[in-house]
Structure formats: C-alpha cells, structure tokens
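Heads up: the structure comes next, in structure tokens.
There are 2 protein chains.
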Amino acid sequence: MSFAVGIDLGGTNTKLAVVDRAYRILTHRSVPTQPETGPRAVIAALTQVAEALVQQANLAHGDVVGVGFATPGPLDLGAGRITKAANLPGWHHVPVRDLLRERIGLPVTLENDGNAAAFGEYIAGAGVGCEHLVVLTLGTGVGAGVIVDGAVLHGHFDNAGELGHMIVVVDGLPCPCGQRGCLERYASADAIVRRVEANAETPKRRNTETCRPEPTAYSLQSTAEKPRTASDIARAATNGDAVCAKVWDEACKYLAVACVNIQHAFNPQRILLGGGMSLAGDLLLAPVREHVRSQAWSLHADLPEITLAKLGPDAGVIGAAALAFDAFGSS
Amino acid sequence: MSFAVGIDLGGTNTKLAVVDRAYRILTHRSVPTQPETGPRAVIAALTQVAEALVQQANLAHGDVVGVGFATPGPLDLGAGRITKAANLPGWHHVPVRDLLRERIGLPVTLENDGNAAAFGEYIAGAGVGCEHLVVLTLGTGVGAGVIVDGAVLHGHFDNAGELGHMIVVVDGLPCPCGQRGCLERYASADAIVRRVEANAETPKRRNTETCRPEPTAYSLQSTAEKPRTASDIARAATNGDAVCAKVWDEACKYLAVACVNIQHAFNPQRILLGGGMSLAGDLLLAPVREHVRSQAWSLHADLPEITLAKLGPDAGVIGAAALAFDAFGSS
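Protein chains in written order, with the working numbering: chain A, 259 to 589; chain B, 259 to 589.
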C-alpha cells in the first residue's frame with residue numbers, strides 16, 4: 259500500500275491531507291497560509307505540517323509516493339511556477355514545485371487548484387465514471403476544471419478551464435482580472451453577497467420624481483438582516499426578499515448561460531457545481547436547470563447532467579493527492 | 259504510397275477529393291448534394307464521383323486506404339449516424355457511415371464538418387504544429403472544431419466544439435437551433451448580410467416625431483447598392499457606410515468575446531478564422547484582434563494568436579482524408 263500527500267494552497271488557508279490509494283483521507287489539517295511571509299517561509303511551514311500528518315497516520319517518509327500541490331493560477335506547469343496569483347500578493351514567477359520538492363524531499367506535481375478539485379470529483383466524487391466532466395467551484399470566485407478523456411485539460415498555455423472568466427455579459431461588471439462581465443462577477447458566492455449588499459444600500463428607482471413609489475420592491479429583510487452567505491440569500495429569495503430573489507435568479511441565469519456554452523464547448527457528460535454557493539442545494543440546482551432548459555438548443559439531446567459536487571472543501575486535496583499517484587505511484 | 263478520399267457533404271454542394279499522404283489534393287470535384295433525393299441516392303451519386311476521381315488520379319481501388327466522410331452534425335459517431343442536420347431536411351438518424359461503406363467498398367470514418375476542417379488546418383494548413391487549436395469557419399453559420407493534444411475533441415455526446423452556438427448575447431437574436439444570442443446570429447457571413455439588409459430597410463429612429471433628422475446616419479450606399487457578401491460589407495464599412503460599419507464592428511466584437519471565452523476554455527495556441535467572412539482578410543483580423551486586446555484579461559499573457567485559416571474551402575476534404583489516414587492507413 260502506498261500513500262500521497264495533497265496540499266491545496268489558498269490565499270487565506272491551506273489544506274493538507276494524507277490520502278490512500280482508495281482516495282480516503284487518513285489525516286488532514288487546515289492552516290493559515292500567511293502568504294505575506296513569503297514563499298520560502300510558507301513552504302517550510304507546510305512541509306512541517308505535512309510531515310506531522312504523515313507521522314500521525316503512522317506512516318514513514320518512504321510510504322509516501324509524492325506530493326500533489328494545488329495552487330491558485332495562472333501557472334507555468336513546465337517550470338513548476340506560479341506566474342501570478344490574485345490572492346497571493348507578491349508571489350510572481352515563484353518556482354513553488356521545486357521549492358517544495360527540495361524542502362520535503364519527495365517528488366512534487368503542481369496543478370491549478372480548480373483543476374485539482376475537478377480531478378478529485380472525477381476520481382472520487384460526483385464525477386466518477388465521467389470521462390468528460392466540468393466542475394465549477396462557486397466560492398470567492400469561480401474556480402473551474404475540465405476533464406477531457408479522463409485527464410485534466412491544460413491547453414497550450416496551461417490555463418485551460420478558467421471558466422470563471424468566460425464573459426457572460428458583454429461590457430458587464432468590471433472584474434479584477436481586467437475584463438468586464440466575467441461569470442464570477444455574477445455567480446460566485448462572494449459576488450452574490452456583494453451584489454445584494456450593493457442593491458440593498460442603493461435601491462434603484464426609475465425617474466424618482468414622476469414614478470409612483472414601489473413599496474414592495476425591496477423588503478425590509480434585505481436591509482434589516484443582512485444575509486451573510488450565498489445560502490442565506492437563496493433562502494431569503496424563496497422567502498420573498500425581492501433584492502435577494504433578483505440577484506439569485508440572475509446568478510442562476512448566467513450560470514445557465516455558462517452551462518450552455520460549456521455544453522457546446524466540451525460536450526461533457528456532467529457539470530458539477532461546488533463551493534459555497536452550492537450549499538444552497540436544490541435552491542441552486544432547480545433554477546439553474548430550469549434556465550438551462552429554456553436557453554439550450556433543441557437541436558439535439560446532448561445536455562449534460564447538472565448536479566452538485568460531492569467532496570466539498572476536500573476536493574482539492576484529494577484531487578492533488580490523486581494526481582501525485584498518477585505521476586509517481588507506479589502502484 | 260497510399261491515398262485517401264475526402265468527402266465534405268454540404269446542404270447545397272458536396273466536395274470530394276483524392277488526397278495523398280502529404281495531404282496534397284490529386285483530383286477533386288464539387289457536385290450538387292440534392293439532399294431531397296434521400297440519403298441512399300445521394301450516397302450512390304457520391305460513390306460514383308469518388309470512383310471517377312480515383313480513376314482520374316490513375317489509381318486503383320486498392321491504392322485507397324479509406325474514406326473520410328465529413329457531414330453536418332449533430333452526429334452519433336459510435337453508430338456512424340447523422341442525428342439531425344438543419345440543412346439536410348428529413349435526414350434523421352441516417353447511418354451514413356455504413357451506407358457509404360457498403361456502397362463504396364472501403365472503410366469509412368465519419369466526422370463533423372467543422373471538426374474535419376479544423377483537423378485539415380491542423381495537419382496541413384495554418385495550424386500546423388499547434389497541438390491546441392480552434393478553428394472558426396464563418397460561413398452560412400459558424401462551423402467550428404477544436405484540436406486538443408493533436409486530436410479532434412468530441413466530448414461525451416460527440417458534439418464538442420459547436421462554438422457557433424455559444425451564447426454571446428443573453429436573450430439576443432433567435433437562432434433556428436432553438437437558442438437566443440448564438441455567436442452565429444452575429445458573426446457568420448450570412449448573418450452579417452442579413453443584418454445589413456434588415457438595418458438598411460428599416461433604419462431605427464429615436465422617437466421619430468421629436469428627434470432631429472439624422473442625415474448622415476445611413477449613407478445612400480447601403481440602400482442603393484446592396485452589398486452582397488460579407489467582404490463587400492467590410493469594404494463598405496471602411497468606406498463610411500454607417501449601417502455596414504455598425505454591423506461589421508458588432509460582428510467583430512462578438513467574435514472577440516468568443517475568442518476570449520475560447521482562450522479561457524481551451525487555452526489554445528492559435529485561433530483560426532476561415533469561411534466567407536474571412537475573405538475580408540485584414541478588415542476582419544485587425545478589428546477582432548483590437549476587440550480581443552481590449553476585452554481579454556490582463557492577468558496573464560496567454561492570448562492565442564488569432565489569424566486566418568489557410569486551406570479555404572478545401573479544409574474539409576483534406577481534413578476528412580487525413581482522418582481516414584489516421585484511422586486506416588497503417589504506415
């Protein structure tokens with residue numbers, strides 16, 4: 259029996275796990291990343307935690323075939339580098355793969371975090387058996403990964419599957435990436451909370467002077483009890499909060515547009531929705547599926563099944579470990 | 259030396275060619291398809307032409323390794339069937355691969371026409387050396403094909419790369435496919451001609467009674483000399499025709515949105531533009547590239563090169579023949 263370590267580096271927290279060949283987590287921990295301490299310090303700290311987790315699982319260093327290292331992108335996979343990551347300020351062109359390998363003394367494979375999560379769902383989650391799979395992780399942003407013929411799609415520049423930055427609204431809301439109208443401006447957990455707050459603070463009126471008042475347009479709830487999470491907003495929407503309903507439905511509609519475009523681009527068997535927004539469960543699935551049905555073509559029955567991801571926040575570490583098995587585990 | 263036959267079945271005309279291992283066309287012909295005569299009659303007629311082309315190339319039946327058959331989709335590749343094609347009325351679930359194989363007495367491989375054209379450009383055109391490539395054929399509709407790691411991407415339902423039906427305008431113009439706002443409603447050669455004609459016939463005015471006249475908004479040219487082709491419209495646009503300029507620029511802008519979304523989905527090295535609209539050359543490339551530059555993210559330099567396809571209307575037959583070599587040419 260052999261084992262792998264999966265590390266899922268985030269801007270705030272980093273998850274680490276020791277995983278067996280059946281993709282079960284033996285030991286795991288989440289620690290603050292503290293990216294401001296710099297790549298070397300972060301990697302030294304993560305190495306310490308990883309070694310402790312291996313010990314805690316009653317394993318020796320030699321039982322571990324390697325480390326899968328999932329990090330925010332964009333990446334240069336050939337060089338093993340993080341090119342530039344929005345939530346790792348100052349980490350430019352950092353050779354994280356080699357830094358970790360030298361420190362931990364094990365082979366390391368680097369992967370984009372969205373891709374690692376998608377591979378995790380493919381190998382051990384809601385995408386098992388789907389050789390063509392797309393996973394959208396609706397959290398702070400929209401992470402994504404694409405599985406083609408059972409492997410992660412990288413493309414020529416290593417950044418395939420950055421589906422959170424597909425433009426769904428031409429000339430739409432500005433995104434820190436430099437574009438306008440990106441999917442993640444409308445349909446990430448954070449975007450929804452932000453949009454509800456913005457709408458609640460400054461409700462729009464048509465030509466204030468001439469219009470009749472609209473007493474029911476914005477319920478008290480949206481200003482009185484500020485919803486804190488995407489799921490809260492989904493619930494408030496079903497309970498009649500007009501602002502929440504508008505923002506949530508718009509998010510579901512643009513997600514559906516993305517799903518239709520994914521259908522035509524990759525023609526996957528399944529599209530999985532994960533991340534904070536997916537905690538709303540059926541309150542997310544039902545309207546997204548309905549919008550897809552009304553927007554997708556009627557030419558041919560090639561609509562992917564749209565359903566929830568299964569591994570939750572563990573998808574990244576499990577996927578990363580699975581990629582280490584693929585790369586280094588000659589069984 | 260061995261040879262292959264490429265057939266590119268269209269709603270109006272079908273192209274056939276005998277192709278050698280260097281992907282050179284030895285003999286070729288274009289014939290009316292006459293789909294209304296039914297699949298068997300069409301395939302019998304095409305077989306006759308193919309056999310004549312083999313003879314004309316001074317080849318024997320045994321010199322031909324097989325036939326690559328490119329047809330409009332959607333297809334069921336496993337069963338070798340055209341599921342339903344908008345421009346082949348009445349051809350539903352037709353097992354064209356087996357019909358042709360039985361008639362012509364050679365192995366036949368079936369492929370979507372957009373995919374075959376993309377493979378042609380990859381193997382012998384403007385995409386040589388690009389293992390990750392996307393080709394958009396801007397003609398009657400928008401045909402497309404995606405090359406991933408040097409092979410045609412099919413996806414789970416065999417219809418990957420139907421990029422002409424990516425939604426670029428939510429709730430936009432209706433498309434015969436059943437969707438609204440498909441790329442091909444804005445950026446195909448036919449769509450452009452149609453939109454210019456529609457605009458020229460019924461120029462929009464703001465609240466006619468109160469607005470001042472807009473003498474320069476629509477030049478005489480657009481009503482007097484109706485542009486007939488997409489290239490004519492591109493030229494009229496540069497010559498100051500306001501309707502043509504508006505329609506052409508909008509087409510280029512939506513094409514650029516599609517290119518940005520293709521960048522994030524597939525991250526290809528190159529995107530090729532072919533078909534009738536691409537005959538406009540730099541009048542197409544320059545504004546598309548400019549719109550891409552202004553719309554794409556600034557996070558990372560992974561912008562694919564956007565350039566013109568090279569094989570013109572031969573891309574389909576060359577690609578189809580090349581796929582026959584891949585499938586049946588053992589050497």
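Heads up, the beta-carbon is just placed ideally off N, CA and C, and yes, glycines get one too. Given the structure is predicted, the values throughout are model-derived calculations rather than measurements.
Query	Result
Beta-carbon spacing of residue 376 of chain A, residue 577 of chain A below 9 angstroms	yes
Within-9 angstroms CB hit, residue 205 of chain A to chain B	Limits of chain A in this structure are 259 at one end and 589 at the other, which puts residue 205 of chain A out of reach.
Local conformation of residue 525 of chain A per DSSP, three classes	coil
Members of the stretch 535-563 of chain A near chain B, C-beta cut-off 9 angstroms	553, 554, 555, 556, 557, 558, 559, 560, 561 and 562
With 16 other Cβ atoms within 10 Å as the buried cut-off, status of residue 475 of chain B	Because the pLDDT of residue 475 of chain B is 37, which lies under 50, any placement of that residue in the model is unreliable, and the question is left without a value.
Uninterrupted beta strand (DSSP E) stretches inside the stretch 376-464 of chain B (no shorter than 3 residues)	391-396 and 400-406
Interface positions of the stretch 400-419 of chain B facing chain A (Cβ-Cβ less than 8 angstroms), listed along the chain	404, 406, 411, 412, 413, 414, 415, 416, 417, 418 and 419
Nearest residue (CA-CA) to residue 519 of chain B, options B/505, B/449 and B/426	B/426
Continuous beta strand (DSSP E) assignments of at least 3 residues falling wholly in the stretch 301-383 of chain B	322-329, 339-342, 350-352 and 366-370
Helix, strand or coil at residue 560 of chain B according to DSSP, with G and I counted as helix	coil
Assigned exposure category for residue 259 of chain A - 16 Cβ within 10 Å defines buried	exposed
Simplified DSSP state of residue 570 of chain A, which is helix, strand or coil	helix
Closer than 9 angstroms to chain B by CB, residue 443 of chain A	no
Simplified DSSP assignment, three categories, for residue 519 of chain A	helix
Cβ-based contacts, 7 angstroms cut-off: residues of the stretch 510-538 of chain B near chain A	515, 518, 519, 522, 523, 524, 525, 526 and 527
Member of B/529, B/535, B/511 and B/555 whose CA lies at the smallest distance from the CA of residue 548 of chain B	B/511
Whether residue 514 of chain B touches residue 546 of chain B by CB criterion (9 angstroms)	yes
Cβ contact (3+ pairs, closer than 8 angstroms) linking the stretch 364-382 of chain B and the stretch 370-387 of chain A	no
Closer than 9 angstroms at the beta carbon, the chain B residues around residue 427 of chain A	428
Chain A contact residues for residue 342 of chain B, given Cβ-Cβ distances below 8 angstroms	557 and 558
Short Cβ contact (9 angstroms threshold) for residue 422 of chain B with residue 441 of chain B	yes
Identified DSSP bridge partners for residue 287 of chain A	A/274
Residue 400 of chain A and residue 390 of chain A closer than 9 angstroms at C-beta	no
Exposed unless 16 or more other CB atoms sit within 10 angstroms - verdict on residue 446 of chain A	buried
Rounded C-alpha distance that separates residue 431 of chain B from residue 526 of chain B	28 angstroms
Contact under 9 angstroms by Cβ, residue 492 of chain B with residue 538 of chain B	yes
Between the CA atoms of residue 454 of chain A and residue 395 of chain B - distance to the nearest angstrom	41 angstroms
Exposed unless 16 or more other CB atoms sit within 10 angstroms - verdict on residue 489 of chain A	buried
Residue 579 of chain B (DSSP reduced to helix, strand or coil)	helix
Inter-residue spacing [alpha-carbon to alpha-carbon] between residue 560 of chain B and residue 498 of chain A	44 angstroms
C-alpha distance - residue 314 of chain A paired with residue 285 of chain A, whole-angstrom precision	7 angstroms
Beta carbon proximity, residue 390 of chain B to chain A, threshold 9 angstroms	yes
Classification of residue 306 of chain A by the beta-carbon crowding that lies within 10 angstroms, buried from 16 upward	exposed
Cβ-Cβ separation, residue 352 of chain B to residue 368 of chain B (assumed contact under 8 angstroms), whole Å	So it is not a contact: roughly 11 angstroms between Cβ atoms.
Identity of the residue in B/571, B/439, B/321 and B/338 nearest residue 272 of chain B by Cα	B/571
Under 8 angstroms by beta carbon: chain B residues contacting residue 332 of chain A	557, 558 and 560
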